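In what follows, a structure is listed as structure tokens, so that the remarks can point back to it.
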Amino acid sequence: MNFLPIFLNIKDKLCLVVGGGEVAKRKVSVLLEAGARVRVVAPQIEPALSKLPRVETIVARFEAQHLEGVTLAIAATNNRAVNLQVSELAHARNIPVNVVDDPGLCSFIMPAILDRSPLMVAFSSGGASPVLTRMMRGKLEAIIPHSYSRLAAFAERFRELAKRHITNPAKRRIFWEDALEGMVAEKVLAGDEDSAEAMLQQMLENEDNIRRGEVYLVGAGPGDPDLLTFRALRLMQKADVVVYDNLVAKPIVEMARREAQRIFVGKKRADHTLRQEEINELLVRLAKEGKRVLRLKGGDPFIFGRGGEEIETL
Numbered sequence: 001m002n003f004l005p006i007f008l009n010i011k012d013k014l015c016l017v018v019g020g021g022e023v024a025k026r027k028v029s030v031l032l033e034a035g036a037r038v039r040v041v042a043p044q045i046e047p048a049l050s051k052l053p054r055v056e057t058i059v060a061r062f063e064a065q066h067l068e069g070v071t072l073a074i075a076a077t078n079n080r081a082v083n084l085q086v087s088e089l090a091h092a093r094n095i096p097v098n099v100v101d102d103p104g105l106c107s108f109i110m111p112a113i114l115d116r117s118p119l120m121v122a123f124s125s126g127g128a129s130p131v132l133t134r135m136m137r138g139k140l141e142a143i144i145p146h147s148y149s150r151l152a153a154f155a156e157r158f159r160e161l162a163k164r165h166i167t168n169p170a171k172r173r174i175f176w177e178d179a180l181e182g183m184v185a186e187k188v189l190a191g192d193e194d195s196a197e198a199m200l201q202q203m204l205e206n207e208d209n210i211r212r213g214e215v216y217l218v219g220a221g222p223g224d225p226d227l228l229t230f231r232a233l234r235l236m237q238k239a240d241v242v243v244y245d246n247l248v249a250k251p252i253v254e255m256a257r258r259e260a261q262r263i264f265v266g267k268k269r270a271d272h273t274l275r276q277e278e279i280n281e282l283l284v285r286l287a288k289e290g291k292r293v294l295r296l297k298g299g300d301p302f303i304f305g306r307g308g309e310e311i312e313t314l
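Per the numbering used here, the sequence shown runs over residues 1 to 314.
What follows is the structure, given as structure tokens:
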């Protein structure tokens with residue numbers, strides 16, 4: 001990972017854009033959408049930029065004084081000497097700086113954005129291939145419809161209420177997963193928020209019925225992450241604990257939920273970290289603790305994988 005992906009709050013903050021052409025105009029537009037105030041500096045500035053609200057235009061060559069009071073800076077000119085000057089002066093003042101199409105001069109880069117506010121998805125190749133980044137965004141445009149904006153806003157509206165009702169973080173996560181994968185989400189996406197709200201209130205009133213521990217038995221196949229089913233990926237993202245053996249490829253293990261506890265149980269020929277009976281007992285114990293347990297097995301779990309024994313124990 002060459003860059004740390006973060007979302008920066010720049011609401012009402014002053015941001016600098018050096019450049020006055022089409023590229024600069026696109027950068028100004030993104031900054032305004034994020035609630036920033038923008039200072040545009042260039043010898044020539046498109047007239048449309050000076051008419052935008054919260055935009056200060058300065059028709060001049062860039063100078064160090066234009067960085068005063070600035071939260072971040074973007075250089076969007078076709079003059080590399082100017083871009084280099086902006087980069088060096090911003091770095092010297094610890095001001096985050098982006099230089100369009102020149103990752104080597106950047107302290108941050110601008111991702112391709114899929115905007116379903118308040119849900120935001122950002123894509124980046126670290127400057128390696130902006131075209132590939134845009135292609136990936138295009139693929140997800142169809143998968144994540146605009147109605148997910150409404151779903152995210154609905155969840156935000158009830159976030160504090162859920163936090164007051166369900167103080168246990170693990171149980172609260174399960175509550176939201178149930179809500180956002182079930183009928184509540186379907187009602188919101190269909191535009192029936194009144195019914196969705198009633199269902200959510202009922203779920204909060206019956207919080208004691210929130211699902212207890214579960215065990216998911218997932219076969220990791222021959223080791224290629226691309227061959228995993230969508231169902232397997234969804235279960236991997238829900239798990240609190242991942243119990244895996246030596247036959248599971250590392251890239252597949254890493255696809256599980258980042259916060260999930262990982263327990264390695266070995267299962268090499270003549271080198272079993274845990275005996276099968278101990279693995280069975282471990283799965284039962286973790287489930288009784290109320291955890292969602294992912295038993296991740298290499299290959300087909302029912303062909304030489306003893307998956308049947310584990311299911312019988314459960």
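For every residue, glycine included, the Cβ atom is placed at its ideal position computed from N, Cα and C.
The model shown is predicted, which means the values in this text are computed figures rather than measured ones.
Straight-line measurement puts the Cα of Arg150 at about 38 Å from the Cα of Leu67. Pairing Val55 with Val41 gives a Cβ-Cβ distance that is not under 8 Å. DSSP places Phe154 in the uninterrupted alpha helix (DSSP H) bounded by 147-157. In the DSSP assignment, Asp115 forms a beta bridge with Met120. Between Glu186 and Lys238, the beta carbon gap of about 18 Å keeps them out of contact (Cβ cut-off 8 Å). Annotation: the continuous alpha helix (DSSP H) that includes Asn83 extends over 80-92.
For Leu204 against Leu161, the beta-carbon gap comes to about 7 Å, under 8 Å, which counts as contact. Secondary structure of Arg258 (DSSP, three-state): coil. Remark: C-beta atoms of Val241 and Ala220 do not approach each other more closely than 8 Å.
The beta carbon of Ser195 is closer than 7 Å to those of Lys187 in its chain, skipping five residues each way along the sequence.
For Ala24, the closest of Pro53, Glu46, Ala36 by C-alpha to C-alpha distance is Glu46. For Arg295, the enclosing beta strand (DSSP E) begins and ends at 292-297. For Glu193, the enclosing alpha helix (DSSP H) stretches over residues 193-205. For the pair Leu140 and Asn206, the Cα-to-Cα distance works out to about 35 Å.
As the crow flies, the alpha-carbon of Gln85 is around 9 Å from that of Ala64. The Cβ atoms of Val215 and Ala287 lie closer than 8 Å to each other. Counting the other CB atoms within 10 Å of its CB gives Asn98 a total of 16 or more, which places it among the buried residues. For Asn280, there is no enclosing beta strand (DSSP E); the residue is part of the alpha helix (DSSP H) that begins and ends at 276-288. Its Cα nearest to that of Asp12, the residue Leu31 stands out among Leu31, Arg26, Met1. If you draw a straight line from the Cα of Arg234 to the Cα of Asn83, it comes to about 44 Å.
Per DSSP, Glu177 is one residue of the alpha helix (DSSP H) stretching across 169-181. Fully enclosed beta strand (DSSP E) runs of no fewer than 3 residues occupy 214-219 of the segment 214-239, in order along the chain. Per the coordinates, the alpha-carbon of Gly223 lies some 17 Å from the alpha-carbon of Leu294.
Annotated three-state conformation of Ala73 is strand, per DSSP. Cα atoms of Thr71 and Leu16: separation of roughly 8 Å, rounded to the nearest angstrom. For Glu56, there is no enclosing alpha helix (DSSP H); the residue is part of the beta strand (DSSP E) that begins and ends at 55-59. Rounded to whole angstroms, His146 and Val59 show a C-alpha spacing of 39 Å. In the three-state DSSP reduction, Leu16 falls in the strand class (E or B). Only residues of its own chain outside the window of five on either side were considered, and among them Met120, Val121, Ala122, Phe123, Arg137, Leu140, Glu141, Ile144 have a CB closer than 8 Å to the CB of Leu114, listed in chain order. Gly104 is positioned such that its CB atom lies no closer than 8 Å to that of Asn2.
Taking the C-beta atoms as reference points, Ala128 is found no nearer than 8 Å to Val100. In the DSSP annotation of this structure, the continuous segment of the beta strand (DSSP E) that includes Ala42 starts and ends at 37-42. Per the coordinates, the alpha-carbon of Ser50 lies some 6 Å from the alpha-carbon of Thr57. Note on Val131: under 16 other CB atoms within 10 angstroms of its CB, so exposed under the neighbour-count rule.
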